[in-house]
Structures are given as structure tokens and as C-alpha cells.
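The opening position of the sequence shown corresponds to residue 19 in our numbering, with each subsequent residue numbered one higher.
The block underneath contains the structure these notes are about, expressed in C-alpha cells.
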Amino acid sequence: MDIRRDFDRHSFGVRWTGQRLDDSHAQPSFRTPVSSTLARDDGFNVAQASWDWSVTPALYLDARVGLARATLRGLFQETGAVTQSGIDLFTQFRSGMSPFEEESTRTRVSTAVHLGYTGRRSQMMLGIDASRGYTRSSFHAIDDVGLRFLPSDLEANPLFRAPVVASSVVQYNTPVSPRQTVRQIAFFAQHVWRPKDYLSLRYGLRVDSSVGWLPSQSSPAGAFAGARSFPARKDLISWLDAEPRIAIAFSPFSERKTVFRAGFNILQHDLIGRYLDFGNPNSLSGTEWRWEDANRDGQYQAGEAGRVLRAFGGNVTEIDPDLKRPYTREIVIGAERELPLRLVLRADFFRRDEKDRLETVNVGVPFSSYTPVVILDPGGDYVAGTDDDQEIQVYNQNPLTLGKDRFLLTNPGLTAFNKGLEMALSYQSGTRVGLALLFSAYMTRVQTNPGNTEYDSDQGIVGELLDNPNSLVGTYGRQYFDRSYTARLFGFFRLPRNWTVSTVTRYYDGLPFARKLAITDFNQGPFYVNAAPRGNPGGHRTEFNLTADVRIKKGLNWRGREVNLVLDVFNLLNNSNKTVENDLTGPLFLLRLPVEFQPPRIARFGVELRY
């Protein structure tokens, strides 16, 4: 809903948008049965009020205030048999209930005031942006445990549910109800100056102050944790940083149809509430033990916990008091050229370097607590004695250090970079026809957590990397979102009688993934290492992804109001390319067995009413 009132030199506006999502079986798959899913009931609401004031023809003021609120709720399925949640560590098949029942409320209040001045050859803007975010969550697990299994036969087809044996049990501190608060205030100034018709300079500075703290909070007693209450912890993370930026555009030729551009930016990363969990003893935590399933019923009972393996979570983690904000340094060089036939060609080269990345370091169990062991990797063909065999050095933990984990969230010196080329060829004929062809070539080089999912292969996720030396084996290379080469074709066509056709066709290279090698007989319990890099060179990608989407819209007039009938068709060609493939080393690896496909063709009909 959008309400706006315009006056001579003022305008006021109010906007609200809301969304409700009810999903009785969220994200089931062939590895996740319906009983292991959550019944989701999520709500999203955003409200904003704005005021624009033209003080003079050259001076204007823009003020806004907003409220965003998300209420997320995921409940266990109502089944006859309530069983503990379990997962096969290597094949990812789930059993029992969902790992956690969860509720979360996330609220963000924001305001912004911008003042702008436009002169004959310059434009200036000053402003302040401020926001405060509140997060309140709760987690509960069946019997406050999570079960870990191993396949009985590691050479069996990993895409079929097979017999498993008990491996370990995680005892959680649930039920637990963490809370976080984040405040951000930023001041900025920007100046655009055109000293000559062929030259434009843009430079500015943004100063960002971000503070995160923990309000007082408590959690009730569970099976492995008593009732807890914690006082507030002020200024747990406090950052004050500057973002300078400068850009130049230069058109050296008299016809002004060619423009060369260059720019440099420093982009400070946002402070997110998840970072505060690393200093919150009231956040989700646990201890993992060897599981001696004496009666072999696949459910944990008291007395079946064997030797301790590891501890994790806010109970055993602190935040470095000198923690620095991560930032990205960006350089862009490009050019744009107007061509005949209303065509415009644009190309940009870029490089982005990430510095001061955040990661946890296991100060309780340092790397010196591990003994290097060289093992034979039979390669992708899983046949010993062939050309793809290799020796990999992995690390066995000293049993005297098991369970002594203590983590520190810090800046351990990790970096990352990505670089590439983006090109665009566009055509537009008034408001009736528009076409754009976009191409990109992209490459990342980064060390991330072991694994191939979006929660592993992403430098923005603070996870297992640096917690033990095995996390460094084969984890440098491309990341999850690196699709190497992409192409997109956009088009819209306004036809007679108020018909509009819009199309989007996309091509992406496949998902980069590493071949995983299972290790089962070490002191710290079973784990895997990346036996090959993600993507090229030397690694693997899934099949390419090609999809075409179409929208057909018919405009009508009903009682003096504009009505649009809309038909959307997604994946028009009904392609079924593999988007995820089996990544476990074994006799079936070279078959490239599919784990996930593109979604099938979907049609959606809608009605838009404007008033």
C-alpha cells in the first residue's frame, strides 16, 4: 500500500508492505522426510513514512523513518512418534524430528535525513542514517540432543537411504533464548563536480559507527543445562570506520559518445547480530560425545555417552576485545560507447579485496595438539594405482585434548579477492522496446569452511575454518557463488491494446564443488576433507544452468482504475539441469549422480489493482 500527498514544494508519503508465509512442510527433500521438516508460519512487515521538501530550486531535503519486523516461527511436525533428530554425517540423510523448533522476532527501526544542493556544475549531498535492530530467538530440541550416524557401508550409493550405525550424540543447552541489539549511525558527504563538459569527478566520505551489545536475558532449564540468567553486556563489539570513495568519468572525444570511468571504494561490512552470539553464553551451544548405543534402538538414553569429543557455541567462545571490522577494497575501470542503431556498449573491469575477515580460532586446542598423518586418496575413480591417486596429509587429535575447545572470534589475517569483467549491450526505442544482453566473467580466490553448500563455501560464514588443521585441507579456491561465466538477456515489448511481454533468459556456469574424502578412524571422530579444489582448475562443477522466464501483462480499466492481469511462466523451456551433484569419494563418484535439479516449469496468474 502506497499513499502519497503532493503540495507545491512539499510531499508526504506512507508506504506499507506485508507478507505472510505458511508452509506446512518446509523444505522437504529425498534426504529430508516430511517428519524432519518444520511447519513454518512467517510474517514480514515494512512501514515507511517520508517527507520531501524543495527549500529552493537548488536545495532539497529528504527525511524518512521506517520500521521493519519479521516474525519467524517453525514448529515440529505433529506425528504419532516423537523421535530424536538424527543425521548421517556423510550422506546428509535426516531421521526423526527436525533438529530444532525455533521462534524469532527481528525488529529494525531506521531513520535517514539527506540534504542536497544542485548547482550549475556541481552537486553536493550531506546526510545521516541511523538504525537500531533487536533480535529475540528461542530454540528447542527433542530431548535436547542431536544424533550423528555413519553409513554401515561407505561404498554404498550415497543417494539411497542405507543402514547406519551410531557415531556421536550432541547434548545441547536447549531450551535457549538468545537476544542481541545492534545500533548503527553513519554520516556521509558527497560532491560531484564537472569542471569541464568532458570531465566529471565524484568523491565522498562516509563515517560509520556500529555498536552491538547483549541485553539482560535468561533461559529455562533443560536436560543438560540449568535455568540461566545473564546480565547485560554493553559494547561487546564497537566499530568506528571511514569509507572514502572517489571516481572519475572522462569523455575525450568531441562527439561525447565515449566515456571512460575509474573508481576506488572502501566498503565497510555491516555488524550483524550473529557475531554477538560468539560472546553470548546464552546462545546455542553443546557438547559432542561418542555414542555407545548399547540397545541399538537408534535413540539416545542416559548413560550412553562415551568419551567427550568437542564443545562448541557461546558457552566456550569469546570475542576479541580488539576485533576489527572486515572491509572490502574495490577498484573499477570501465568504458561506455554509444553505437549506431541506438545501441550502447558498456564494459567494466573490477577487483575486490576483502581484508580483516572474521573467524574463530580454537585457542583451547591449538594446532600443536594434532599429529600429521599421510593417507592415500584413491582419487575420483576410487581405484588404487591409477593416475589420479594422491597422498593427503590430515591430522589426528591428541586424545588428552578432546573436549577442551575454547574459541576466540578474531581477525586471524584471512583475506579474499574476486575479479572479473562485466559487459552490457543495450537497446531502447522509447518506452515500447527495450533489450539488454549482459555477460560476466568472474573468479574468486578464497579460503572457506570445508564443504560445498552455501553455509560452507562462503567467506561471509564464520564456521569451522581454523578450528582445526583439517579445516585447511583443500579449502582454498573458488566459492559457492562463483559461477565463472554468466549471460543474461532481458527484454520488454509494449504491444498495442495495452499488452506487454517481458522476458528474462539466464545462463550460469555450474556450481563449483570439491570432492570430499571421508575419514572415520581418528580420535576426534569422523570427518571429511576436501580432496580436490572447488571448481577449476583441478576441481569440479555441476552442469550449467539455463532458464527462461516470461511475463505477459494485459492492462484494463475498471471503474476508472487501472487493473493489470499478469501471467508469469518460470523455466519456460522446462530444463532439468543438475544443480547439485554427489560429492563423496567412492565407486560412484565419476557417474556425477544428481542430488538436485532445476525446479520444473511453473505458471502463476495474478491481478494488480492501482488506485
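Backbone N, C-alpha and C define an ideal beta-carbon position, used for all residues, glycine too.
| Item | Value |
| --- | --- |
| Simplified DSSP assignment, three categories, for residue 297 | helix |
| Segments assigned beta strand (DSSP E), at least 3 residues, entirely inside the region 581 to 606 | 596 to 599 |
| Entirely enclosed beta strand (DSSP E) segments - the region 330 to 362, minimum 3 residues | 335 to 337 and 345 to 357 |
| Alpha-carbon to alpha-carbon, residue 90 and residue 152 | 14 Å |
| Given residue 305 as reference, the closest of 124, 332 and 292 once Cα atoms are compared | 332 |
| Environment of residue 190 [buried if 16+ CB atoms lie within 10 Å] | buried |
| Local Cβ density within 10 Å of residue 275, reported as buried at 16 or more and exposed below that | exposed |
| Inter-residue CB distance, residue 496 and residue 530 (contact presumed, cutoff 8 Å) | 4 Å |
| Own chain residues within Cβ distance below 8 Å of residue 250, not counting five before or after | 231, 232, 233 and 234 |
| Pair within 8 Å by beta-carbon distance, residue 607 and residue 431 | no |
| Enclosing beta strand (DSSP E) for residue 446 [first to last residue] | 434 to 447 |
| Nearest-angstrom beta carbon gap, residue 415 and residue 386 [assumed within contact, 8 Å] | Not confirmed; about 11 Å, so no contact. |
| Expected contact under 8 Å - CB spacing of residue 715 and residue 176 to nearest Å | It is not possible to answer for residue 715, since the shown part of the chain is limited to 19 through 629. |
| 4 or more residues per run - each alpha helix (DSSP H) lying fully within the region 128 to 192 | none |
| Buried/exposed call for residue 558, threshold 16 Cβ in 10 Å | buried |
| Among 122, 139, 159 and 591, nearest to residue 243 - alpha-carbon criterion | 159 |
| DSSP three-state assignment for residue 6, whether helix, strand or coil | Residue 6 falls outside the range modelled here, since the chain spans only 19 to 629, and no answer is possible. |
| Rounded straight-line distance, which links the Cα of residue 262 to that of residue 283 | 6 Å |
| Candidates 442, 544 and 148, of which the one nearest residue 200 by Cα | 148 |
| Endpoints, beta strand (DSSP E) assigned at residue 465 | 451 to 465 |
| When 406, 479 and 526 are compared against residue 457, the one with the closest alpha-carbon | 526 |
| Residue 392 CB to nearest heavy atom of the ligand ZN below 7 Å | This structure does not include the ligand ZN; it has no bound ligands of any sort. |
| Beta carbon of residue 436 nearer than 8 Å to that of residue 473 | no |
| Per DSSP, the bridge partner or partners of residue 575 | 580 |
| Coarse secondary structure for residue 394, derived from DSSP in three states | strand |
| Cβ contact check for the region 66 to 75 and the region 91 to 99: 3 or more pairs under 8 Å | no |
| Cβ-Cβ separation, residue 368 to residue 392 (assumed contact under 8 Å), whole Å | Between residue 368 and residue 392 the Cβ distance is about 41 Å, and since that is not below 8 Å, they are no contact. |
| Own chain partners of residue 483 with C-beta closer than 6 Å, once the 5 adjacent residues on each side are dropped | 377, 467 and 489 |
| Sub-8 Å separation of residue 625 and residue 581 beta-carbons | yes |
| Under the three-state DSSP convention, the category residue 292 falls into | helix |
| Cβ pair residue 187, residue 307 closer than 8 Å | yes |
| Residues that residue 614 bridges to, as DSSP identifies them | 598 |
| Residue 273, buried or exposed, once every other Cβ within 10 Å from all chains shown has been counted against 16 | exposed |
| Residues near residue 543 in its chain [Cβ-Cβ closer than 6 Å; skip 5 each side] | 186 and 327 |
| Residue span of the beta strand (DSSP E) that contains residue 48, given as start and end | Note, residue 48: premise wrong, no beta strand (DSSP E); not H, not E. |
| Reference residue 447; option with closest CA among 573, 85 and 360 | 360 |
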